[in-house]
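In the numbering used here, the protein residues as written are 11 to 243.
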């Protein structure tokens, strides 16, 4: 039976890690692709490891690599930081949604653990919380394990970078959108999500076609949020 008091246990951490297993092929593939992209951009092995493990931002790492040029200028650096922040802006809402659970955890534990927040362990944590689980080791264990797998998987991708001249030939450019599309499945709960997702997608596509750049991230997110706010199931 689920307990009502928030706590953390080794068993909860292990369960959180185990719940990530189905997604690990996608995580490994993404990490390897990033390693390949970083190698082709001319980053050293150490630089690739540091960006991948310290930024730990998935999609925004790929966007930043699109902007990166050697030698790196201040303008390029500011642009990379800006797009990373823009793509990760969703973490503001994702983090807020964890407040009912992590809000009861001491700040000295909560804030360091937020470094390991991803779309994947957010979904797992919310799902388990809705089921009555109050062991926040579920969140921490899934985040730590995901970070570990992500950090290691970049290594073979980096060394394979010199062997792959064009990642698109192998369909590696499809890995990222496919992974995020798969993450949408457990979020779907009915009409409200369907309509708001369609609105967000349509607005983002229109913005991308008319304006280009990364403005579609903002417009799609705002449009989807407004549509979801004013719809009832």
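Just so it is clear, CB atoms sit at the ideal spot from N, CA and C, and this is done for glycine as well.
Pick helix, strand or coil for residue i, following the three-state DSSP scheme.
i           : result
residue 129 : helix
residue 80  : coil
residue 44  : helix
residue 204 : helix
residue 50  : helix
residue 65  : helix
residue 222 : coil
residue 30  : coil
residue 99  : coil
residue 7   : Since the displayed the chain opens at 11 and closes at 243, residue 7 lies outside it and no answer follows.
residue 110 : helix
residue 139 : helix
residue 115 : coil
residue 168 : helix
residue 241 : coil
Less than 8 Å between the beta carbons of residue i and residue j, yes or no?
i           : j           : result
residue 145 : residue 18  : yes
residue 90  : residue 77  : yes
residue 127 : residue 104 : yes
residue 44  : residue 164 : yes
residue 291 : residue 22  : The shown model of the chain, from 11 to 243, leaves out residue 291, and the question about it has no answer.
residue 237 : residue 209 : yes
residue 72  : residue 93  : no
residue 37  : residue 156 : yes
residue 85  : residue 79  : no
residue 34  : residue 115 : no
residue 154 : residue 206 : no
Whole angstroms are fine: how far does the CA of residue j sit from the CA of residue i?
i           : j           : result
residue 261 : residue 229 : With the chain running from 11 to 243 in the structure shown, residue 261 is simply not present.
residue 168 : residue 83  : 24 Å
residue 63  : residue 56  : 11 Å
residue 98  : residue 70  : 7 Å
residue 239 : residue 140 : 21 Å
residue 117 : residue 219 : 43 Å
residue 50  : residue 222 : 25 Å
residue 138 : residue 233 : 29 Å
residue 213 : residue 203 : 15 Å
residue 52  : residue 67  : 20 Å
residue 244 : residue 122 : The structure shown has nothing for residue 244, since the chain only spans 11 to 243.
residue 95  : residue 25  : 31 Å
residue 101 : residue 81  : 30 Å
Please confirm if residue i has its CB atom under 8 Å from at least one CB of chain D.
i          : result
residue 88 : In the structure shown, chain D does not exist; there is a single protein chain.
Under the DSSP definition of a beta bridge, which residues are partnered with residue i?
i           : result
residue 145 : 17
Evaluate the contact criterion for the stretch 116-134 versus the stretch 18-33: three or more CB pairs, one atom per stretch, below 8 Å.
-> yes
Given 8 Å, three or more beta-carbon pairs between the stretch 145-155 and the stretch 105-116 | yes
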